[in-house]
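Chains A and B, in that order, give the protein sequences.
Just so you know, the first sequence maps onto residues 10 to 349 in the working numbering.
Just so you know, the second sequence maps onto residues 8 to 328 in the working numbering.
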Amino acid sequence: MGGLADPSRFHQPIDIAGQDPAVLQGQLRAILAIRMAEQHLADMRRNGLIGGPVHLGVGQEAVAVGVSANLRASDRVFGAHRSHSHVLALGASLHGLFAEVLGKDTGLSRGMGGSMHLWDGPRGFYGSVPIVSGTVPLAVGAGLAAKLSGTDDVAVSYLGDGAVEEGAVHESMNLARVLQAPVLFVVENNFFASHMHIRLRQPLEYTARFASAHDMPCEVVDGNDVVAVNKAASRLVDHIRSGRGPAFLEAITFRWYGHVDWREDIDVGVNRSTEDLSNWRARDPLSRLTVAMEAAGCWSAGQHADLVEAIRKDVVDAWEKAMNDPYPQPAALLDRVYAR
Amino acid sequence: MKYNYGTAICAAFEYILETYPEAFILGQGLWSPWYVGNSMTDLDKKFGTHRVIDTPVSELACTGAGVGAALAGMKPIVVHPRMDFMLYAMDAIVNQAAKWSHMVGGQAHPGVTIRAIINRGGEQGAQHSQALHAWFAHVPGLRVVMPATVADARDLLIASVVSRDPVMYIDDRWLYDLEDDLAPVEELDLAVQGPRCLREGRDLSLVAAGYSVRLALDAADRLSDKGISAEVIDLRVLNPFAPEAVVESVRKTGHLLAIDGGWRTCGIAGEVMASVAERGVSARMGRIALPDAPAPSSRVLEKAYYPTVDTIVATASRLLS
Ligand SMILES: Cc1ncc(C[n+]2csc(CCOP(=O)(O)OP(=O)(O)O)c2C)c(N)n1
Ligand SMILES: [Mg+2]
Numbered sequence: 010m011g012g013l014a015d016p017s018r019f020h021q022p023i024d025i026a027g028q029d030p031a032v033l034q035g036q037l038r039a040i041l042a043i044r045m046a047e048q049h050l051a052d053m054r055r056n057g058l059i060g061g062p063v064h065l066g067v068g069q070e071a072v073a074v075g076v077s078a079n080l081r082a083s084d085r086v087f088g089a090h091r092s093h094s095h096v097l098a099l100g101a102s103l104h105g106l107f108a109e110v111l112g113k114d115t116g117l118s119r120g121m122g123g124s125m126h127l128w129d130g131p132r133g134f135y136g137s138v139p140i141v142s143g144t145v146p147l148a149v150g151a152g153l154a155a156k157l158s159g160t161d162d163v164a165v166s167y168l169g170d171g172a173v174e175e176g177a178v179h180e181s182m183n184l185a186r187v188l189q190a191p192v193l194f195v196v197e198n199n200f201f202a203s204h205m206h207i208r209l210r211q212p213l214e215y216t217a218r219f220a221s222a223h224d225m226p227c228e229v230v231d232g233n234d235v236v237a238v239n240k241a242a243s244r245l246v247d248h249i250r251s252g253r254g255p256a257f258l259e260a261i262t263f264r265w266y267g268h269v270d271w272r273e274d275i276d277v278g279v280n281r282s283t284e285d286l287s288n289w290r291a292r293d294p295l296s297r298l299t300v301a302m303e304a305a306g307c308w309s310a311g312q313h314a315d316l317v318e319a320i321r322k323d324v325v326d327a328w329e330k331a332m333n334d335p336y337p338q339p340a341a342l343l344d345r346v347y348a349r
Numbered sequence: 008m009k010y011n012y013g014t015a016i017c018a019a020f021e022y023i024l025e026t027y028p029e030a031f032i033l034g035q036g037l038w039s040p041w042y043v044g045n046s047m048t049d050l051d052k053k054f055g056t057h058r059v060i061d062t063p064v065s066e067l068a069c070t071g072a073g074v075g076a077a078l079a080g081m082k083p084i085v086v087h088p089r090m091d092f093m094l095y096a097m098d099a100i101v102n103q104a105a106k107w108s109h110m111v112g113g114q115a116h117p118g119v120t121i122r123a124i125i126n127r128g129g130e131q132g133a134q135h136s137q138a139l140h141a142w143f144a145h146v147p148g149l150r151v152v153m154p155a156t157v158a159d160a161r162d163l164l165i166a167s168v169v170s171r172d173p174v175m176y177i178d179d180r181w182l183y184d185l186e187d188d189l190a191p192v193e194e195l196d197l198a199v200q201g202p203r204c205l206r207e208g209r210d211l212s213l214v215a216a217g218y219s220v221r222l223a224l225d226a227a228d229r230l231s232d233k234g235i236s237a238e239v240i241d242l243r244v245l246n247p248f249a250p251e252a253v254v255e256s257v258r259k260t261g262h263l264l265a266i267d268g269g270w271r272t273c274g275i276a277g278e279v280m281a282s283v284a285e286r287g288v289s290a291r292m293g294r295i296a297l298p299d300a301p302a303p304s305s306r307v308l309e310k311a312y313y314p315t316v317d318t319i320v321a322t323a324s325r326l327l328s
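Following this line, the structure appears as structure tokens:
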């Protein structure tokens, strides 16, 4: 993995040579917006305004932003329990996410799912669920549907390093490959499945080996480098769109919070040292991008301050609105079970 | 000594691991202080990580491995920190464990214990809330137990492990704070355990399993304030289902209210009512169960979703009027 598992490395600014400054600025904005939205959720969970669990991906934002740069609204994206970044990177409304987390009728899933069950069909987000690997076969089916309907749309399945321990993932990869279904499997390898480090769960600490087992092209990237993720995803999505079957992307990353909710020191794992965490914080997808852009002259401290302020306002506005929104009517309990 | 439901489960594990060298535990979260509440604290430290094994996220493999290890003479306990996660293991449970003895002419029995935890509420929503005991009670060959008391939390777990048959032991996180004193362990034969009367009454039989038994007991208190004498029957063992104690109770009271934390359609409450009816007992009957909808996440809907003591009191009063 070229040392990617060693958190003391890759702290330097990312390589942005040859990148369009406007594109970089958009990606910076997306990463920062996801970061600030999730930090807000952490605060609101801590102060008790959020009643349900939130699985935060702070530190992992560059993965979804880099992948989504290669997607369009007719593609089909599936996530899991830690999917705020996945849906926001597709352009979902911050207010829709916040309202969903609060169980409001105006939420992405009309308040029926909360943080762990998100949906934004119009943006190609087909759904996220907390049963680990639950959506992986669904992504294969959605990819197959695109192929059967004669489009070159692709499906994306976001999963974790823990999810690859489920048999469903391997059945899905084999099925996708043998049917040449257009699916990009994106493993966000953050080395942990709740409290357990990958070394306690698997013989090796990378998951890309499963791509060769299922004979599909694969790239392993620094998941905290949005340019690297974007480039790798672009190559793999090209491969898939051109009808040559599924592909696999392993993005090496880390979550800064514990497995669930706002604390860093609980449910974080038997092997997670504070030193590792501070090293991973130094491999920050956000600061490594901003420093590189400032050095290249396409970003400034002033611009950054303005952007932070603008996003802060968006976050506060979206939250206030969501807080004042109505809950679903009691009838929703039974009305939404079957199609009407 | 004072225990709560959670530490009583832990005491059962300690007894099992101390008494039976062939016992071992397999499941997610066993090395974490957070995963399974206070029900398995430090077992890994006391008995070693070779006997208390935290696993990859692989429910099917772990459950199937439990079945296989049982066939090879061990007493494995597979722990699923949430019943919802266990659905990946349905083949190992339903096709393999439950059928094995019968399929091989009664010559081999996979005496695996599968501990499935009901863990709901807290706005967790549809995939982190399910109470699927009725599904498993439908499967011949699988013993299904659901402790509602601190003593049963310990003693039915030990009985499950000692049993030579595959057992699904279902505990509920909503019960973990329940406190009681426990006598020294005496091993029970699971095959002769069944429903039990926890509170005697004259006017009405409240019949329930697991957490619903607590609701029934609280409701019985409230009903007695209104001059209604309710009997409470704790089902304890859902499969094989032995309804005699329930039938006797309803024969006496003439009124049955079955309370279930699972869905209404094809649920345990319906089974209880049918068992009474087909034995020719004439009684007024009602049931309280979950509405036929997945668990919502929104707090307002969650409140409407789960039965409460109020619901039971109101329904019971209507039934008797
Ligand atoms: C089928 C199933 N088993 C277990 C769990 C409990 N669980 C929730 S998240 C998680 C860890 C998943 O790890 P990974 O796939 O690496 O995702 P990450 O949390 O790192 O984003 C586990 C074990 C679950 N939700 N579903
Ligand atoms: Mg992980």
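All C-beta atoms, glycine included, are put in the ideal place defined by N, C-alpha and C.
Contact with chain A by residue i, beta-carbon distance below 8 Å
i                : result
Gln103 (chain B) : no
Leu308 (chain B) : yes
Phe92 (chain B)  : yes
Gln134 (chain B) : yes
Gly44 (chain B)  : no
Tyr313 (chain B) : no
Trp270 (chain B) : no
Leu67 (chain B)  : yes
Tyr95 (chain B)  : yes
Asp61 (chain B)  : yes
Assigned exposure category for residue i - 16 Cβ within 10 Å defines buried
i                : result
Gly88 (chain A)  : buried
Ser289 (chain B) : exposed
Cys273 (chain B) : exposed
Gln200 (chain B) : buried
Lys113 (chain A) : buried
Pro303 (chain B) : buried
Ala76 (chain B)  : buried
Val317 (chain A) : exposed
Asn188 (chain B) : Note that residue 188 (chain B) is Asp in the sequence shown, not Asn. Label assigned to Asp188 (chain B): exposed.
Gly287 (chain B) : exposed
Arg132 (chain A) : buried
Neighbour flag for residue i against chain B, beta carbons, 8 Å
i                : result
Tyr266 (chain A) : no
His248 (chain A) : no
Glu175 (chain A) : yes
His64 (chain A)  : no
Gly75 (chain A)  : no
Met53 (chain A)  : no
Leu342 (chain A) : yes
Pair within 8 Å by beta-carbon distance, residue i and residue j
i                : j                : result
Pro139 (chain A) : Met125 (chain A) : yes
Ser39 (chain B)  : Glu174 (chain A) : no
Asp247 (chain A) : Val163 (chain A) : no
Leu188 (chain A) : Leu245 (chain A) : no
Phe200 (chain A) : Phe257 (chain A) : no
Ala166 (chain B) : Glu193 (chain B) : no
Leu164 (chain B) : Tyr183 (chain B) : no
Arg290 (chain A) : Trp265 (chain A) : yes
Ala265 (chain B) : Val168 (chain B) : no
Neighbouring residues, chain A, relative to residue i (Cβ below 9 Å)
i               : result
Val64 (chain B) : Val141, Ser142, Gly169, Gly171, Ala172, Val173, Glu174, Glu175, Ala202, Ser203, Met205 and Arg210
Closer than 9 Å at the beta carbon, the chain B residues around residue i
i                : result
Pro339 (chain A) : Val307, Leu308 and Ala311
Listed by chain order, chain B residues near residue i by CB distance under 8 Å
i                : result
Val346 (chain A) : Asp299, Ala300 and Pro301
Partners in chain A for residue i, counting only beta-carbon separations shorter than 8 Å
i                : result
Gly129 (chain B) : Gly60, Gly61 and Pro62
Beta-carbon neighbours of residue i, restricted to chain B and to distances below 7 Å
i                : result
Gly120 (chain A) : Ser305
Contact test: residue i Cβ vs ligand 3 heavy atom, cutoff 7 Å
i                : result
Phe194 (chain A) : Ligand 3 is not part of this structure, which contains only ligand 1 and ligand 2.
### Task
Would you list, in chain order, the members of the region 191-219 of chain A that have their beta-carbon closer than 8 Å to a beta-carbon of chain B?
Ala202, Ser203, His204, Met205, Leu209, Arg210 and Gln211
### Task
Pull out every residue of the region 317-337 of chain A whose Cβ sits closer than 8 Å to any Cβ of chain B, in chain order.
Tyr336 and Pro337
### Task
Using a Cβ-Cβ cut-off of less than 7 Å, give me the residues of the region 103-117 of chain A that come near chain B, in sequence order.
Gly112
### Interfacial residues, the region 123-137 of chain A to chain B, with Cβ spacing under 9 Å
Gly123, Ser124, Met125 and His126
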